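To keep things clear, I will list the structure first and then write my remarks on it.
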Amino acid sequence: MNLIMFGPPGAGKGTQAKFIENKHGLKQLSTGDMLRAEVAAVTDLGLRLKSIMDSGALVSDDIIIELIENRIQKSDCQNGVIFDGFPRTLAQAEALDKMLAKQGKKIDHVIVLEVDEAALLKRIETRASESGETRADDNAETLKKRLEVYNAQTAPVLPHYKEQNNLRRIDGMQPIDTVTRQIESALSKQAAA
Ligand code: ADP
């Protein structure tokens, strides 16, 4: 089973992906985490990525697609993947379809976590203050920019999936375990062939 956790920054995609990963033996792939690992390695690429990510803009499709294409071939992805933070553009979505098709696979479920933006801002501020280690892109100004980028470039990806995959919208402002239960119920529905 392959699924996409879709939703604006701070909607709880990563938190929910962890639950599903454990329960279903899938592999969570967060492109944000993969990019941060590259940044931490202080390579030339990492330095370029850092300035893009700190600005709230998207990293280029080529880099992201190559990252994912290499990663999903590893053995820990063979049982299925939870894509978290990817695809973020239509080009990424189309590339993902192609690479999965090559392996005889597809996206079986798309979970959309919906939130209201004012509440989101509050949630991100709380996350930053509680974690102690504040991510450079976790400030309110960058969040605003990332929301703009989400609405302009990522939200338009959704219609691509509606047609061909189980797509379920869930209110991400509900308690975490309620959201988890609703995701479980969505995943129990068989995807159309
Ligand atoms: P959040 O979890 O808050 O939505 P992420 O950790 O997913 O944020 O991503 C952090 C940053 O990494 C993004 O703002 C963007 O610059 C970059 N990034 C992550 N995933 C992608 C992607 N699929 N395409 C382009 N850029 C990405």
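Residue numbers (the numbering used here): -12 to 180.
For glycine and all other residues, C-beta sits at the position ideal for the given N, C-alpha and C.
Predicted model, so just to flag it, every value in this text is computed and none were measured.
Q | Residue from I170, P162, R114 and V97 whose Cα sits closest to the Cα of P146 | A | Position 159 of the sequence shown, counted from the first residue, corresponds to residue 146. It is V97 whose Cα lies nearest to the Cα of P146.
Q.
Less than 7 Å separating the Cβ of Q79 from some heavy atom of the ligand ADP?
A. As a position in the sequence shown, residue 79 is number 92, starting the count at 1. Because some heavy atom of the ligand ADP lies under 7 Å away, the Cβ of Q79 counts as near it: yes.
Q) Comparing the CB of K37 with every heavy atom of the ligand ADP, is any distance shorter than 7 Å? A) As a working mapping, residue 37 is identified with position 50 in the sequence shown. Not under cutoff, so the answer is no.
Q: Could you spell out where the beta strand (DSSP E) holding I69 opens and where it closes?
A: By one-based count along the sequence shown, residue 69 stands at place 82. Looking at the DSSP string, the run of the beta strand (DSSP E) that includes I69 is V68 to D71.
**Q.** Any non-hydrogen atom of the ligand ADP within 7 Å of L45 CB
**A.** Start at 1 with the first residue of the sequence shown, and residue 45 comes out as number 58. Yes, since a heavy atom of the ligand ADP falls inside the 7 Å radius drawn around the Cβ of L45.
Q.
Within 10 Å of its beta-carbon, does V166 have 16 or more other beta-carbons around it, so buried, or fewer, so exposed?
A. Counted from its first residue, the sequence shown places residue 166 at position 179. With 16 or more other Cβ atoms within 10 Å, it is buried.
Q) Leaving out five residues before and five after I157 in sequence, what residues of the same chain have Cβ atoms less than 8 Å from its Cβ? A) Translated into positions along the sequence shown, residue 157 becomes position 170. For I157, where only same-chain residues beyond five positions count, the Cβ hits under 8 Å are I98, V99, L100, E101, V166, Q169, I170 and A173.
Q. Should A28 go down as buried or exposed, given a rule of 16 or more other Cβ atoms within 10 Å for buried?
A. Sequence index remark: in the sequence shown, residue 28 carries index 41 (1-based). Counting Cβ neighbours within 10 Å, A28 comes out exposed, since fewer than 16 surround it.
**Q.** Nearest candidate by alpha-carbon position, reference H11, set L54, C64, I52 and K109
**A.** The residue given as residue 11 occupies position 24 in the sequence shown. The residue with the shortest Cα to Cα distance from H11 is C64.
Q | Same chain, Cβ closer than 6 Å to M(-12), neighbours up to 5 away in sequence not counted | A | Start at 1 with the first residue of the sequence shown, and residue -12 comes out as number 1. Here the set comprises G67 and D95.
Q) So what's S220 in DSSP terms, helix, strand or just coil? A) Since the displayed the chain opens at -12 and closes at 180, residue 220 lies outside it and no answer follows.
Q: Following the continuous alpha helix (DSSP H) through I52, name the residue where it begins and the one where it ends.
A: Counting from one through the sequence shown, the residue named residue 52 turns up at place 65. Run containing I52: D48 to R58, per the alpha helix (DSSP H) assignment.
Q) Can A4 and D71 be called in contact, C-beta distance under 8 Å? A) Here residue 4 corresponds to residue number 17 of the sequence shown, with the count starting at 1. Here residue 71 corresponds to residue number 84 of the sequence shown, with the count starting at 1. Against a cut-off of 8 Å, the Cβ pair of D71 and A4 comes out as a contact.
Q) In angstroms, rounded to a whole number, what distance separates the CA positions of S38 and T30? A) Here residue 38 is taken as the residue at index 51 of the sequence shown, counted from 1. Here residue 30 is taken as the residue at index 43 of the sequence shown, counted from 1. The alpha-carbon atoms of S38 and T30 are separated by roughly 13 Å.
Q. Going by other Cβ atoms of all chains shown within 10 Å of its Cβ, with 16 needed for buried, is T76 buried or exposed?
A. Counting from 1 along the sequence shown, the entry for residue 76 is found at position 89. So T76 counts as buried.
Q) Candidates I52, L13, V26 and R155: which alpha carbon is nearest E81's? A) Reading the sequence shown from its first residue, position 94 is the one you call residue 81. Taking only the C-alpha atoms, the option nearest E81 is I52.
Q: Reducing DSSP to helix, strand and coil, say where L45 ends up.
A: Sequence index remark: in the sequence shown, residue 45 carries index 58 (1-based). In the structure shown, L45 sits in coil (DSSP, three-state: anything other than H, G, I, E or B).
Q) Since N153 is in the beta strand (DSSP E), which residue starts that stretch and which ends it? A) For the purposes of this step, residue 153 is taken as residue 166 along the sequence shown, with counting starting at 1. Segment N153 to D158, the beta strand (DSSP E) holding N153.
Q. Going by Cα to Cα distance, which pick from Q140, K132, G91 and G43 is closest to P74?
A. One-based indexing of the sequence shown puts residue 74 at position 87. Nearest of Q140, K132, G91 and G43 to P74, Cα basis: Q140.
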